[in-house]
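Numbering (my numbering), first residue to last: 222 to 694.
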């Protein structure tokens, strides 16, 4: 992509509605934002100084640059999968599922699986991100395992949910007389873990490495997300190019020139001001699952109870998913007239992949006829602008991130923007942005309940914590 094309595809951030220009005393003055400069520069220094350090789980910062050979191999494998299989199923949970789902929805036809094969150009795509037995039953009702490739994603190979799915699928393939290793691709640790052992037992499974220093919620731009995207025909090189472009834009120490640092400063200011709910509201059905992906990134990274220097804190901001225009008719009433505890981030699109003209009609009904001659693209953009206007008039903090259009390059920018924003915000909060001890506690309790060796004492504790019948209705 030429420099001019990159410039034309650059994401823009309009934070006017976070300031006192229209919000008056409910917005932030230039002086208020400027008061965060020293802290933002300290956060910038921390993130910049620790780039690529696997021990701090910041290896994700180098993913736009260090995967040339991996990408070439992925493209080759993806071509083979498209030629051989009718279905491609991701078995994973958390970022291993949210990322592939988000990219699929953003960059493929919204009814991709319903298209005839010649229009799809690739296998039907499914992501199994839960262990609801009904979900597994219903998947198996619509796929033939003998015509399906399964991408099993787990760093340790000990993720209970993913390995449960694998055990079921492996058993079905075996019963069908199929060679398991011909139907599975592993994305896992490069040297250790259960999937490495299973691969050896099966005689060598095609595998990709989930790199050290890349946590699940930061993994979409490594083989976790790149392989499924490539199978779907997504331009993964453009995706990485977009991420690298955003990284270039984030090289500025000045938060007014660094897009991700600016967003971190705005969100930090809002959190400090009691806005403990952050709404992400895309005005695009293609971007709706960006909210799901972002919710994990933001919540799991910032929800912490201790600072880097060991002081108790309990910080974080609750992410809420909304979709424009849909949630104008459900949630926006609360955002406009409810508590002053939210900041709303709009994801807007300048040019949609379709405009769709609205025909003239119902000329005797003015409430309807005025729509004729416009397009659906005009309507959704007007609704986006109107919602931001209504929130601003009500004194509610909001800002807008605009994509010129939804494509692999702009999506790569957006993902890296949010990842860098999260890293900067965590540094401003003085927490470990990249650990997840709260998640680990639940995992261990699940192990105990299911009788995993080594968890007997915790199982006793859980058994003794059974509900008191006095409190059950």
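Here a beta-carbon is modelled for each residue, glycine too, at the ideal position from N, C-alpha and C. Treat the numbers as computed from the prediction; the structure is a model and nothing was measured.
- Using a Cβ-Cβ distance cut-off of 8 angstroms, the stretch 541-555 and the stretch 510-518 are in contact, since at least three pairs of beta carbons, one from each stretch, lie closer than that value.
- Just so you know, the alpha carbons of residue 596 and residue 575 end up roughly 9 angstroms apart.
- Rounded to whole angstroms, the Cβ separation of residue 629 and residue 460 is 4 angstroms, and the two are in contact under 8 angstroms.
- Inter-residue distance for residue 432 and residue 294 is about 16 angstroms (C-alpha atoms, whole angstroms).
- 7 angstroms or more divides the Cβ of residue 414 from the Cβ of residue 436.
- Between the C-alpha atoms of residue 238 and residue 618 there is a straight-line separation of about 6 angstroms.
- Looking at the backbone, the Cα of residue 314 and that of residue 402 are separated by about 21 angstroms.
- Taking the Cβ atoms as the reference, residue 474 lies roughly 40 angstroms from residue 298, outside the contact range of under 8 angstroms.
- DSSP lists 567 as the bridge partner or partners of residue 502.
- Put simply, of 456, 359, 338, 438 the residue whose alpha carbon is nearest the alpha carbon of residue 374 is 438.
- When C-beta atoms of the stretch 259-276 are compared with those of the stretch 620-627, fewer than three pairs fall below 8 angstroms, so the two segments do not count as touching.
- Per DSSP, the beta-bridge partners of residue 308 are 345, 369.
- By the Cβ neighbour-count rule, residue 257 is buried, with 16 or more other Cβ atoms within 10 Å of its own.
- The beta carbon of residue 641 lies closer than 6 angstroms to those of 471, 481 in the same chain, with the five residues before and after it left out.
- Per the coordinates, the alpha-carbon of residue 264 lies some 10 angstroms from the alpha-carbon of residue 270.
- The beta carbon of residue 450 sits closer than 6 angstroms to those of 324, 457, all from its chain and outside the five residues before and after it, given in chain order.
- Beta-bridge annotation (DSSP): residue 296 is not paired with any residue.
- The Cβ neighbour count for residue 345, taken over all protein chains shown within 10 Å, is at least 16; the residue is labelled buried.
- Annotated three-state conformation of residue 377 is coil, per DSSP.
- Residue pairing by DSSP places residue 624 opposite 570 in a beta bridge.
- Close CB contacts of residue 590 within its chain, under the 8 angstroms cut and outside five residues either way in sequence, are with 581, 582, 583, 584 (chain order).
- The beta strand (DSSP E) runs lying completely inside the stretch 590-642 and spanning 3 residues or more are 618-624, given in chain order.
- For the alpha helix (DSSP H) assignment, the uninterrupted runs of no fewer than 4 residues enclosed by the stretch 234-267 are, from N- to C-terminal side, 241-244, 251-255.
- Secondary structure remark: continuous alpha helix (DSSP H) runs of at least 4 residues inside the stretch 519-590, in chain order: 553-558, 587-590.
- The three-state reading of DSSP puts residue 489 in helix, counting H, G and I together.
- Listed in chain order, the non-local C-beta contacts of residue 348 below 6 angstroms within the same chain comprise 311, 318, 321, 322, local neighbours out to five positions each way being set aside.
- Checking the DSSP bridge columns, you'll see residue 429 partnered with 408.
- Per DSSP, the unbroken alpha helix (DSSP H) holding residue 226 starts and ends at 224-229.
- For residue 322, the uninterrupted alpha helix (DSSP H) run begins and ends at 316-328, by DSSP.
- Straight-line spacing of the CA atoms in residue 501 and residue 604 works out to 16 angstroms.
- For the pair residue 634 and residue 504, the CB atoms are not nearer than the 7 angstroms cut-off.
- Taking every protein chain shown into account, the CB of residue 469 has fewer than 16 other CB atoms within 10 angstroms, so this residue is exposed.
- Residue state for residue 400 is assigned as coil, using DSSP reduced to three classes.
- Taking the Cα positions, residue 445 is about 18 angstroms away from residue 463.
- Within the same chain, 538, 539, 562 come within 7 angstroms of residue 497 by CB-CB distance, once the 5 residues on both sides are set aside.
- Counting other Cβ atoms within 10 Å of its Cβ, residue 535 stays below 16 and is therefore classed as exposed.
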